[in-house]
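What follows is a single structure, written as structure tokens, with notes after it.
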Amino acid sequence: SQTIHQWPATLVQPVGSPLSLECTVEGTSNPNLYWYRQAAGRGLQLLFYSVGIGQISSEVPQNLSASRPQDRQFILSSKKLLLSDSGFYLCAWRGLAGGSTDTQYFGPGTRLTVL
Amino acid sequence: AQSVTQPDIHITVSEGASLELRCNYSYGATPYLFWYVQSPGQGLQLLLKYFSGDTLVQGIKGFEAEFKRSQSSFNLRKPSVHWSDAAEYFCAVGAGDYKLSFGAGTTVTVRA
Numbered sequence: 001s002q003t004i005h006q007w008p009a010t011l012v013q014p015v016g017s018p019l020s021l022e023c024t025v026e027g028t029s030n031p032n033l034y035w036y037r038q039a040a041g042r043g044l045q046l047l048f049y050s051v052g053i054g055q056i057s058s059e060v061p062q063n064l065s066a067s068r069p070q071d072r073q074f075i076l077s078s079k080k081l082l083l084s085d086s087g088f089y090l091c092a093w094r095g096l097a098g099g100s101t102d103t104q105y106f107g108p109g110t111r112l113t114v115l
Numbered sequence: 001a002q003s004v005t006q007p008d009i010h011i012t013v014s015e016g017a018s019l020e021l022r023c024n025y026s027y028g029a030t031p032y033l034f035w036y037v038q039s040p041g042q043g044l045q046l047l048l049k050y051f052s053g054d055t056l057v058q059g060i061k062g063f064e065a066e067f068k069r070s071q072s073s074f075n076l077r078k079p080s081v082h083w084s085d086a087a088e089y090f091c092a093v094g095a096g097d098y099k100l101s102f103g104a105g106t107t108v109t110v111r112a
């Protein structure tokens, strides 16, 4: 079966510091991968998605970047964090096999607080 | 582009009572429709999905949803809620272009 991991689970960082959040998927090959952010009291905002190694699409201009160095690894980064980067970050994967290929499955999330 | 509206921001229901969460979508063709649930501090868990066929879909945790094309709706229901159903619920629509559009979510509070 497929599983998705995110770490760290919780992170507190000062303004201006760098960021690296990692997401890995097990039990599937060549998944589509996604990064979402939930700000307090708001819905899900799609930040990036990737359909393959090195292929990244950005949905909104922002202070963050994403990379996919391996098939099942997706990394969210920032060189200098802003207060507005605080939120709950969710990684998701979408399989390409079978009929229900639009289904996305989510990881446990990372709570980021920027102080 | 597709979009989703969840008209109710917050619903309070008594334990044992029925629950219905509304979802309206906007999309020109037959959409893929989903309901997810999120407990505090957790990721999203898939409750159920509709792709085609029977318009009444059964999901996990005793939930069901009905796709009504004429009303562009995909409402979620549960006949008898449990305290553990207190969570935030998200409706989502997909159009086969890699992305899902999510509603703003409905928070469900269950009172004893």
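Protein sequence lines, in the order shown, are assigned to chains G and C.
As numbered in my numbering, residues 1 to 115 make up the first sequence, in order.
As numbered in my numbering, residues 1 to 112 make up the second sequence, in order.
We treat Cβ as the ideally placed atom computed from N, Cα and C, and that holds for glycine.
Values in this document were obtained by computation on a predicted structure and should not be read as measured data.
If you draw a straight line from the Cα of residue 28/G to the Cα of residue 73/G, it comes to about 12 Å. Residue 91/G and residue 45/C have their C-alpha atoms spaced approximately 12 Å apart.
Shortest Cα-Cα distance from residue 4/G to any of 94/G, 11/G, 44/G involves 94/G. Nearest to residue 75/C by alpha-carbon distance, out of 35/C, 95/C, 16/C, is 35/C. By alpha-carbon distance to residue 82/C, the top candidate from 49/C, 112/C, 51/C is 112/C. A straight line joining the alpha-carbon of residue 109/C with that of residue 54/G spans about 42 Å. Against residue 98/C, the close residues of chain G are 32, 34, 49, 51, 57, 94, 102, in the order they occur along the chain (beta-carbon pairs closer than 9 Å). By the neighbour-count criterion, in which 16 or more other beta carbons inside 10 Å mark a residue as buried, residue 79/G falls on the exposed side.
Its chain contains 32 as the residues whose beta carbon lies nearer than 8 Å to that of residue 96/C, once the 5 sequence neighbours on both sides are disregarded; these appear in chain order. Residue 83/G carries a helical assignment under DSSP once its states are collapsed to helix, strand and coil. Taking a Cβ-Cβ threshold of 7 Å, the residues of chain G close to residue 32/C are 102, in chain order.
Contact between residue 115/G and residue 89/G is ruled out by a C-beta separation of about 17 Å, above the 8 Å threshold. Taking C-beta atoms under 8 Å as the contact rule, residue 81/G and residue 19/G qualify, at a distance of about 5 Å.
Residue-level contact check: residue 58/C does not touch chain G, since none of the beta carbons of chain G fall below 8 Å from its beta carbon. In chain order, 99 make up the part of chain C whose C-beta sits under 7 Å from the C-beta of residue 46/G. Apart from the 5 residues on each side of it in sequence, residue 71/G sits with its Cβ closer than 7 Å to the Cβ of 29, 30, 53 in its chain, given in chain order. Counting only runs that start and end inside the segment 16-85 of chain C, the beta strand (DSSP E) elements of at least 3 residues fall at 19-21, 24-26, 32-38, 44-50, 56-58, 64-68, 73-78.
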